[in-house]
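Below: one structure, written as C-alpha cells.
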Amino acid sequence: MFNLYESNSSKVGLPPGSLVYVGPERTDQINISIIDYNKNTLQEKNSFDVKECFSDLKLNMKRWIHISGMHDESIIEAIGNHFNINHLILEDILNTNHRPKIEIHDNFIFVIMKFFYYDSEDSNKIIKEHLCIILGKNFIISFQEGTKDVFSLIKKRIKLKDSKIRKFGVDYLTYCIIDTIIDYYLNIADIVNDKIEDLEEDLINNSYENILNTIYELKREIIHIRRVVTPVRNIVNDLEKTDSLLISKSLSFYLRDLYDHTLQIVEQTEIFKELLTGLLDTYHSSLSNKMNEIMKVLTIISTLFIPLSFVTGLYGMNFHYIPELEWHYGYFFVLCIIIVAASSMILYFKKKKWL
Amino acid sequence: MFNLYESNSSKVGLPPGSLVYVGPERTDQINISIIDYNKNTLQEKNSFDVKECFSDLKLNMKRWIHISGMHDESIIEAIGNHFNINHLILEDILNTNHRPKIEIHDNFIFVIMKFFYYDSEDSNKIIKEHLCIILGKNFIISFQEGTKDVFSLIKKRIKLKDSKIRKFGVDYLTYCIIDTIIDYYLNIADIVNDKIEDLEEDLINNSYENILNTIYELKREIIHIRRVVTPVRNIVNDLEKTDSLLISKSLSFYLRDLYDHTLQIVEQTEIFKELLTGLLDTYHSSLSNKMNEIMKVLTIISTLFIPLSFVTGLYGMNFHYIPELEWHYGYFFVLCIIIVAASSMILYFKKKKWL
Amino acid sequence: MFNLYESNSSKVGLPPGSLVYVGPERTDQINISIIDYNKNTLQEKNSFDVKECFSDLKLNMKRWIHISGMHDESIIEAIGNHFNINHLILEDILNTNHRPKIEIHDNFIFVIMKFFYYDSEDSNKIIKEHLCIILGKNFIISFQEGTKDVFSLIKKRIKLKDSKIRKFGVDYLTYCIIDTIIDYYLNIADIVNDKIEDLEEDLINNSYENILNTIYELKREIIHIRRVVTPVRNIVNDLEKTDSLLISKSLSFYLRDLYDHTLQIVEQTEIFKELLTGLLDTYHSSLSNKMNEIMKVLTIISTLFIPLSFVTGLYGMNFHYIPELEWHYGYFFVLCIIIVAASSMILYFKKKKWL
Amino acid sequence: MFNLYESNSSKVGLPPGSLVYVGPERTDQINISIIDYNKNTLQEKNSFDVKECFSDLKLNMKRWIHISGMHDESIIEAIGNHFNINHLILEDILNTNHRPKIEIHDNFIFVIMKFFYYDSEDSNKIIKEHLCIILGKNFIISFQEGTKDVFSLIKKRIKLKDSKIRKFGVDYLTYCIIDTIIDYYLNIADIVNDKIEDLEEDLINNSYENILNTIYELKREIIHIRRVVTPVRNIVNDLEKTDSLLISKSLSFYLRDLYDHTLQIVEQTEIFKELLTGLLDTYHSSLSNKMNEIMKVLTIISTLFIPLSFVTGLYGMNFHYIPELEWHYGYFFVLCIIIVAASSMILYFKKKKWL
Amino acid sequence: MFNLYESNSSKVGLPPGSLVYVGPERTDQINISIIDYNKNTLQEKNSFDVKECFSDLKLNMKRWIHISGMHDESIIEAIGNHFNINHLILEDILNTNHRPKIEIHDNFIFVIMKFFYYDSEDSNKIIKEHLCIILGKNFIISFQEGTKDVFSLIKKRIKLKDSKIRKFGVDYLTYCIIDTIIDYYLNIADIVNDKIEDLEEDLINNSYENILNTIYELKREIIHIRRVVTPVRNIVNDLEKTDSLLISKSLSFYLRDLYDHTLQIVEQTEIFKELLTGLLDTYHSSLSNKMNEIMKVLTIISTLFIPLSFVTGLYGMNFHYIPELEWHYGYFFVLCIIIVAASSMILYFKKKKWL
C-alpha cells in the first residue's frame, strides 16, 4: 500500500537546525559525481570522498556536484560548511519528508522537489525520492535521496560538445534537471492512466475482484502526485518571475514551457479524479443492478409458487368431507387451475418487464 | 469511447525544443494554401511545396498561409526558420496535445486552440483538432492538424471584394478564424443538448438500456469541451486587453463580442452538468422505485399465502384425533376462515397504500 | 417543461454583425409607444410606424421610445441607423438568447436584461422575455421581446404631473424600468416559494405522486432565475460605479437600493436550493423508511409462520410409525407448542421494537 | 416550523421610497424611551409621543432614543423628517425583511441588524427581530421591531455614574448595543448546541421518533443564524475600518474584539453543520444496520426451515410405494436428518458471523 | 467524546473587559517560573507569589515569566496592571475558548495559541490547553491554562551556556515556544495516523465493532486540529512579515521554517480527511456487500426449495384419483425430477456467478 502520510516522530523535540536524516534506512555507499565543464572542456569525476568537491574551480568553468544518497549527515554538513549554507537549509535537505519549495537567497537558490518512478522489479510500487538543488553563481549541487542513476540522459547530453547545456550557464542545467523530473511525472501519469483503463475493462467484463481496493489505491496515488506537483508549479513560476541574477532572462522562455507542463499534469490529475469517481459510480450501480436482478428472481419464484403451494396444501387437508377430493377428475382440474394461474402470473411479470 | 487523456509518452526524455509530431499517424498530403490580398486585389495559391510561402509579398498586401496537416516536421521547421520563430514554439505547434494558450511577443502573437466537429460518417464520434495561429504585422500563418476544409466560409467571404476582411488588417482575419472555431463549439453544444434530450425521453419511456454508459460518455465530452473552451476565454480576453500594436483598437468591440460567446458556452456546459446530474438522480430513483415495487409484490404475496398455507398444513396433519376434521362442514368452515383472513389482509394493505 | 438550454443553431456560420431575430416565431404587430415629457408637459403617441420615433424632440424634453416586439429586423435596423448604433449591438438586441450585460459607451449605455412572468392562462408556465435598454442623453429606447404591456405602472406614474419620473432625467426612468423588472423577479420568487410549500405539505401527507418531477422542475427554474439575476447584480453595480455623465450622482442612492434587492433574490435562490435539497432528502428517507416497514412486515410474517408450517409438515408425514400421532391429545399438544412459539416470537419482535 | 423565506409580496409594484411596514401585524403600543446623558447627569423619559424626541438637547449632552415597535409608519416618518433622513432609509427601517447592512454617510451611520431570542413561553420557538441604528454626532436612534425590553442590561449600566458608557461618546453606546446583540447570538448558539447534544443522546438510545424532522429543523435554524451573522461580521469590520469622524479611533480596539466574537459564531455554525451531517450519517447508518439485521433474521429463518419443510413435504406425499415410510424408525431417522441439517446450517451462519 | 463546541454561556451579558476565567474548574496552585538570563548569567526562580515578577530587571538581562494555570483572575490582573496591558487583552487571556490570534502593538506582541497532548493516563483522551504569549522588548510572559510542565525541553536548552536561546533575544525564545507547540501538533498528527491505520486493519479483518463511532470521533479530532492549526499559520506568517522592532530580521529564516511546518500539518489533516472518507466508503461498501451476500443466500435457498416443495405438496393432495400415486416407481420418479430440477437450478446460479 502506498503510504500517504509521512511520520514526524523522528524530528519532534529536537532543537531547530539539527541535522538528522529521517528517510528509510539505507546501507549503500553515497556516490558523489563532479562534472566541471565549459563550452570547450569537460572533466568528470566519480568519488566516494566529499573532499573532491572542494577542489578549486578553474576560471570560466562551471561545476555540477551530484550527491546520490543523503543518509550520511556528515557529508551534507561538510558541503554545507564549505559552501557556507545555513543549517536550517541543511536540515531541510536531510528531511526527506519536506514538502517541495523554493527559497531565493542573494547568492544562491535552494529548491526542494520530489520525483517518482515505478520500481523496476515490482511495477505496482511507486518509489518516491527527495531531491534538493542548490544553484550558485557558477556551481550547482544536487542531492538525491537514493542512488539510482536518474539523470543519465542529462549526463549524456552534457558530454556532447555542441549541446545547449555546455553553451549556457548553470541555470540552464537547473532547468534541465527540473525538466527531467517533470518528465518522470508525465511517465507516472501515463502509467496511472493505463491502470485506470485496465479497471474500466475489468468493470465491463464484470470481474469485480478487488476493484474497490484498486480504485482507492489509485486515488491515493493521484492525491500524492497532485500534492507533489502543485508546489512544483509555484517553484517554476517563482523561478520565472524572480529578479535574481542567478537566472538569466533568456531562460524565462524555457521556464514558461515547463510551467505549461506542470499545468498539464495538474489538469490530468483532475481528469483522473473524475474518471475514478465515474468508475466508483459505475461499480456501485452495477452492484445494485445485480442486487435488483437477484431480488427479481426471488420475487418471481416466490410469487409463482407460494400461491400454488397453498392450493396443494388446501387439498392435502384431512377433512372427512371435502367434496372436490371425490370428483374423479378433481386432480386434473386442480392441475389446470395451477397451470392457468402460473401462466397468467408469468404474463403479468412479462408486462411489468420483470422477465 | 471518447479519450479524455492525452498520452505524454512520445515526448518524455527528449531535450526541450525537439520537433516531434505527436498526434495520430496520418498519410494524406499536407496542403498549403496561400492567399495574398488587400482592398483591391486577391491572389490565391494551393500548393504542396512549402517554398511557395517564402515568395516576396507586394507592398500593402497581406498574406494568409494556411497549412492543413502538421505531420511533416520538415515543413513546420522550414516555416519556422524563414519567419524566425523560436524552436520551443514550433515544438508547441507540433505537440497536438498542448493545451490552448496565447503568447504575445513583440513582433508576433502565437495562439494555440482546439476545435471539435462530429465525424460526418459516424455522428457519435467527435473529432478534435489542434490549431495554431501565428499573427505577424502583415501576415498570418495558421496550422491545422487535419486536412478537412474547415475555413471554407472565411475563404468565401475573403473573395468578396467589399467584405470587411478585405478592408481590415490581418488582426480582423484572426478574429474571424477564432469566431469560426467558437461557432464549431456552439454547434457541438447543440448536438450534446440533443443527446441529453434523447436521454430524457428514454428515461420517461422506461428504456434504461445502456443509459448509464451514455450519461458517463456525455459527462466526459462535457468535461472535455469545458477544458478546451475555458482557456479560449482567457485567450480572447488577453487579445482584447493587450497593448500589442498587432491588434488594432477598433477590434476590441468584436473581441468583447467573442468573449460573450465563450462565456455562453462555459455557462452551457455548466447547465449540461446539472442536467446530467439530474438525469442520473432520476435514473437511480426510478431504479429504486422499481425495486420497492418488486419488494411490495413479494411481501404482499408472501404475507397473504404463508399464513393461509399454515392453516392448510394444520389440517393436513395425520393425528388420529383432530376433532375439526370430523365435522361435516369443517372444510367449508376453514375455507371461510381463509377467505376472511385474506380479505382483511388485503384491506390492511389497501389502508397502508401498498395496493 | 422549462427549457434551460438556448439553441445556438440559427446563428452559427453567419458573419458577425448580421441582424437576425432568433426568438420564437411571432405574428403580432410590433407596437411602438413614444412618450415625450418634461416637468410640465407630456405627449404620448402609439404607432406602428417606426418613422414616428425620428421626429424632432423639443428643447428640454425627454423621450421614451418603447418597442414591444423585436421580430421585425427592419425596425431595429431603422432605429439603429437613425441613432447611430453599432451593428454588433443591434445583433445583441435581436439575439433573444443573449445573456444579460451592460455596455457603457461615451454617448449611450446599453443594457440587456430578461424578465419573467407566469402565463396568465397557465399558471405553471413561466414566460421569459428579452429586454434591451439604450439610454442616451435625453432619450431612452427600450426593446421588449413580446407585446404584453409590462410597464403599465410606470406609464401611470409618468402621467402624474408631480411624480419623480417627471422631475428627474431619463436615468431615473431607466432605474424605474430595472426596478420593475426586479419586482417581477420578486414575484416569481414568491410563486416558487408557494410551490415549495405545497411540496412540503404533499410530503407530509404522503402523496408522492409526481413529487420527484416537480422537484427537478423547480430546481431548473431556480437555476434559471439565478442565471438571469446574477448578471443583473453586476449591471446594477456597474451603473452605480460608472463615471458616465449619463447617470447623475443623485441616482446612486437608488441604485444601491436596487443592488440590495438583487442580492436578496440571489440569497433567496440559495435558500430555495437548500430547501429543495432538504425535500429530496426527506423524500428519499421516507421512501426507504417505507421500504423498511415493508421488509419488517415480510420478515415478521415469514419468521412467524415458516417455522410453524414446518411443525405441521412434520406431522403431515405419512410414516407408518410416528408415536405422537397416536397420542389422544397429540393435536392439542402441538397446537399448544405452536401458540407458545408464536407468542414468544411476537415478544421477541416487540423487544426488538419491530412491532 | 421556522420560516426561512421572507415574502416580498407586500412591496412589489410600489414606487421606491414608499413607507410600508411589512412585518407581522402587531397591536401593542409603540414605546419611546429617551435617555439624555453625559458624564455627570442623566435624564430618562418614557413616552408614547414621538414629539418628545424633538426637544432641544442641552450642551455636552448625548441622547439615546430607543423606539420599541415599528408598526406605525407615521412615527418613523416623523423622526425621519425631524432628523432629515432619506426616505429610502426609512423604507429599509420599516422593511423587517431587509438583510443586515451598514451605510456610512457623512453625518450619520445607518446599521441594520437582526437579533434572535427563544420565546420565553415556548422554548422551541425562535423569535427574530429587526433592529436599526442611526448613529449621529451626539445622538443615537435605535428602532426595534418588537416591544420586548432587550437592552435592559445596557440601561442599567448607563445609569451607573462611573460606567464607561457615560464617559465615552455615543459610538461606544453603539458598540454596546451591537455587543448585546452578538451576546444574543452566542446564547442561541448555546441552545442549538444543547439541542444537538440531545439528538446525539436520542440516537444512542435508539429513539428515532421524529429525529429526521428535528435535524432538518436545526439545519434551517443554523442556515438562518449564519445568514444573519455573516453580514454582521462585515458591519463590524466596516465600522472598524471607516474613516468617519463619528467613530473615534479608541473604539477600534473594542470593535476588533467584537469581530473576533462574530468570527467565533460563524465558526460555530460551521461546526454545527458538520455535527448535523455526522448525525444524519449516523442515523442513516443505524437505519441500514437495522435493515441488515432484519434481513439477516429473515434469511436465517427461511434458509433454516424452507429446506426442512421440503423434507417433511417429501414424506407427506401419498405415493402408494415409498419404502422409507414403512421403516419402523423412519420417522426418527428423518428427525435426525433434520436436526443434523439444522445444526450444520446454524454452524455455517455462526462461521459467517450472521449469528 | 471530544467536545468540539465551546460554550459561551459564562460570558454572555457581562460588560466588555470583565476578567472572568471560563475554563474547567481547577484547584491546583498556580505556579510562576521566572528566568532572568543573558549570554553569561542565568537566574531561575519558582514561586507562587506574583510579586516576584515585578522585581527590577538588571541591565542587559532578559526575563521569561511563565505562569502555569490561569484560574486565578487576580494574578492575571496584577500582571496586567504592572505591565500596563489593556483589560480586553487580559480578558482574552482568561477566555480559554478564544480562538488563536496575533495582535501586534507598538510596544508588545500578543499571541493566543492552543496546544494538544494525549493524556498520559488515558491515551484516548486529548487534552487541549490555552496558551498566551506577551512579547515585550526584553521580557516575555507566557500564560498556560494547565500546570503540566510542557516547556521542560526549552528550559533545559536555556540552561546550556552556549545555546542559541542565550545568545539571541526574547524573540528567539518566542520562536522556540511556538516551535515546541507545533511539535506537539506533529505528535498528535502521528497518533491520529496510527489510529487510522488501526481502523484500516480492523476493516480488513472484518471487525466492524464500533468502527463508525471511531471514524466520527477521529473526524471531530481532525476538524479540531485544523481549526487550531490554520490560524497558527497566519500567526507565524504575520510574525515573519511584521515591521515591528520586537522581531529581529534574522529571525525570519526560522519563522519561514515554522511556516513550512504548519503548512505540513494543515496538509496532513487534509490527507486524514480523505483517508477517513475512503474508510467510510469502504465500510459502507463492505456492509452492502455483506447485505448482497445475505440476499443471495436467501434467494438461492428459496428459489431452490420453494418449487420443490410445490411438487411434494402436489403429491400430498388427498384426491381419490391421482394416477401417478399408484405407479410403483412414482416416488422415485418424483425424486429424480426433484434432483434434476435442483441440479439445473444450481447450474443456472453458477452461470449467473451467484455461487
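Chains as they are written, first to last, in this note's numbering: chain A, 1 to 355; chain B, 1 to 355; chain C, 1 to 355; chain D, 1 to 355; chain E, 1 to 355. Every residue gets a Cβ at the ideal spot worked out from N, C-alpha and C, and that includes glycine.
7 Å Cβ cut-off: residues of chain A touching residue i
i, result
"SER285/E", "LEU212"
"PRO16/B", "ASP179, TYR254 and ASP257"
Alpha-carbon spacing of residue i relative to residue j, whole angstroms
i, j, result
"PRO24/C", "SER120/C", "19 Å"
"PRO146/C", "ARG227/C", "Correcting the residue type first, residue 146/C is Gly in the shown sequence and not Pro. Approximately 21 Å, taken between the alpha carbons."
"ASN210/D", "VAL266/D", "28 Å"
"GLY17/A", "SER68/E", "28 Å"
"GLN268/E", "LYS352/B", "52 Å"
"MET345/E", "LEU304/B", "26 Å"
"GLU398/C", "LEU251/C", "Given that chain C is displayed from residue 1 to residue 355, the structure contains no residue 398/C and the question cannot be resolved."
"MET295/C", "HIS320/A", "39 Å"
"ILE204/A", "ASN292/D", "29 Å"
"GLY136/E", "ASP171/E", "9 Å"
"GLU274/E", "ASN213/A", "15 Å"
"LEU42/E", "ASP36/E", "6 Å"
"ASN107/D", "LEU246/D", "8 Å"
Residue i, buried or exposed, once every other Cβ within 10 Å from all chains shown has been counted against 16
i, result
"ILE85/E", "buried"
"HIS328/D", "exposed"
"SER302/B", "buried"
"ILE65/B", "buried"
Within chain A, partners of residue i - CB distance below 8 Å
i, result
"MET295/B", "MET295 and THR299"
Contacts that residue i makes with chain D (C-beta to C-beta distance below 8 Å)
i, result
"LEU263/C", "ARG99"
"ASN292/C", "LEU287, LYS290, MET291 and ILE294"
Proximal chain A residues relative to residue i, where beta-carbon distance stays under 9 Å
i, result
"ASP260/E", "ASP92, HIS98, ARG99 and LYS101"
Residue i: contacting residues in chain D (beta-carbon distance under 7 Å)
i, result
"GLU201/C", "Chain D residues near GLU201/C: none, gap ~11 Å exceeds 7 Å."
8 Å Cβ cut-off: residues of chain B touching residue i
i, result
"GLY146/A", "In chain order: nothing, as chain B lies at least about 19 Å away."
Chain-ordered neighbours of residue i on chain E, where CB pairs are closer than 9 Å
i, result
"THR282/D", "LEU212, ASN213 and TYR216"
Along the chain, which unbroken stretches of the alpha helix (DSSP H) at least 4 residues long are found entirely within the segment 268-314 of chain D?
-> DSSP runs (the alpha helix (DSSP H)) wholly in the segment 268-314 of chain D: none.
Pull out every residue of the segment 223-245 of chain A whose Cβ sits closer than 8 Å to any Cβ of chain E, in chain order.
-> Within the segment 223-245 of chain A, the residues whose Cβ lies closer than 8 Å to some Cβ of chain E are ILE223 and ARG227, listed in chain order.
Taking a cut of 7 Å between CB atoms, which residues from the segment 299-328 of chain C lie near chain D?
-> So the close ones are THR299, SER302, THR303, ILE306, PRO307, SER309, PHE310, GLY313, LEU314, GLY316, MET317, ASN318, PHE319, HIS320, TYR321 and ILE322.
Could you please tell me which residues of the segment 156-183 of chain B, in chain order, have their CB closer than 8 Å to any CB of chain H?
-> Absent from the structure: chain H. Protein chains present are A, B, C, D and E.
Please specify which runs of the beta strand (DSSP E), each continuous and at least 3 residues long, are wholly inside the segment 15-84 of chain E, giving them in chain order.
-> Whole beta strand (DSSP E) segments, 3+ residues: 31-37, 42-47 and 62-68.
Mind listing which residues of the segment 83-95 of chain E have their C-beta closer than 7 Å to chain D's C-betas, in chain order?
-> Of all residues in the segment 83-95 of chain E, ASN86 and LEU88 have a Cβ within less than 7 Å of some Cβ in chain D.
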